[in-house]
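The block underneath contains the structure these notes are about, expressed in structure tokens.
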Ligand code: PBG
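Rendered as structure tokens:
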């Protein structure tokens, strides 16, 4: 049987590496990546996080070395999470806003060491610092139930954000999903003279099981879940509301988290947002690729790059990823 020759041959643009590269619609660059890092109190050597191969709870020394490496590879921003000593946790998470709390010490040290050579972003959330592991403080309702108290929590976020800005953070990143947190933090920063400190809002943050390894990473004390404040994975429209509110309240960037299971949400947000849109490739996404690669089931480098380009293609302007250093090193080695 005769087959009509195709009128159009899309394969023509796939024939060589050069033409594939020339017509690529999306490219990765080291400046796309934001590298999340953990700084731990009371340890003398960096501790590898077992569910996140290649990621560590850092000492100040090892943190400083890795940030120098990130700068060398062209990464523009690191995002710091604090891991206090278990005995320093309390019901309010008070180490979060003490100037000599571990996170604030690390911010100050990095800013003193590197100045403006790299952006220092800080996680603005109480969960690493509370003994109950929730992102906010608890209160008891008239019916005797324990709930995460939105408005009381937001006041603590104001103190935490100001302490981080005082320590030298360029960007604070509220990740606790309390209503009104962006406006409250913006107001507090401005009143403290920190007009130039930016806010990256975790706007569309889902109550996701993909955060599992992160909870190991920060030694989380959480029992139960975060479903009364993080979003239901079933919903998209709710994310558009969260994003709109955060922009109206003064967010300089918004974020969607996790990334890969929520690319549809990311695309919707990217279509409508009037500020840069970041996406967070979370600990579970990183762990999955590593676990499969360890079993010989997936090629780690190829799936790393494919996952990152997919997140960017879906609409992310910045990608928070534990692969930041590896991906930047790959791009450097391959002159991309
Ligand atoms: C909360 C916070 C979490 C993550 C970032 N900030 C955990 C949570 O909400 O339970 C998860 C990051 C990851 O999984 O990589 N401060």
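Residue numbers (my numbering): -10 to 325. Heads up, the beta-carbon is just placed ideally off N, CA and C, and yes, glycines get one too.
### Query
Tell me which same chain residues have a C-beta within less than 8 Å of the C-beta of residue 59, skipping the five on either side of it?
Once the five neighbours on either side are set aside, the close Cβ partners of residue 59 are 24, 67, 107, 313, 314 and 317.
### Task
On a CA-only basis, which of 153, 146, 55 and 65 is nearest residue 89? Give me that one, please.
153
### Task
With DSSP collapsed to three states, give me the class of residue 256.
helix
### Span of the alpha helix (DSSP H), counted from its first residue to its last, around residue 68
Counting along the chain, no alpha helix (DSSP H) covers residue 68; the unbroken beta strand (DSSP E) around it starts and ends at 66 to 72.
### Query
Taking all protein chains shown into account, do 16 or more other C-beta atoms lie within 10 angstroms of the C-beta of residue 163, making it buried, or fewer, making it exposed?
buried
### Query
How would the residue list near ligand 1 read, in chain order, if you kept each one whose beta-carbon is closer than 5 Å to any heavy atom?
In chain order, the qualifying residues are 114, 116, 164, 200, 203, 271 and 272.
### Task
Round the Cβ separation of residue 311 and residue 275 to the nearest angstrom and send it over; I've been treating them as touching at under 8 Å.
4 Å
### Task
Along the alpha helix (DSSP H) that carries residue 230, what are the first and last residues, could you check?
226 to 238
### Query
Got a sec? Which residues, its chain only, sit under 8 Å from residue 147 by beta carbon, not counting five neighbours each side?
Result list for residue 147: 173, 174, 176 and 177, in chain order.
### Query
Residue range of the beta strand (DSSP E) that residue 301 falls in?
Careful: residue 301 lies outside any beta strand (DSSP E), inside the alpha helix (DSSP H) at 289 to 303.
### Query
Is it the case that the Cβ atoms of residue 92 and residue 117 are separated by a distance below 9 Å?
yes
### Query
Just reading off the beta strand (DSSP E) that residue 110 is part of, what are its end residues?
108 to 113
### Query
When you compare only the Cα positions, how much space is there between residue 329 and residue 16?
Only positions -10 to 325 of the chain appear in the structure, and residue 329 is not among them; the question remains open.
### Query
residue 171 and residue 238 look like a contact to me (Cβ under 8 Å); what is the Cβ gap, rounded to whole Å?
4 Å
### Query
Based on the DSSP output, what are the partners of residue 135 in its beta bridges?
Within the DSSP secondary-structure output, residue 135 pairs in a beta bridge with 129.
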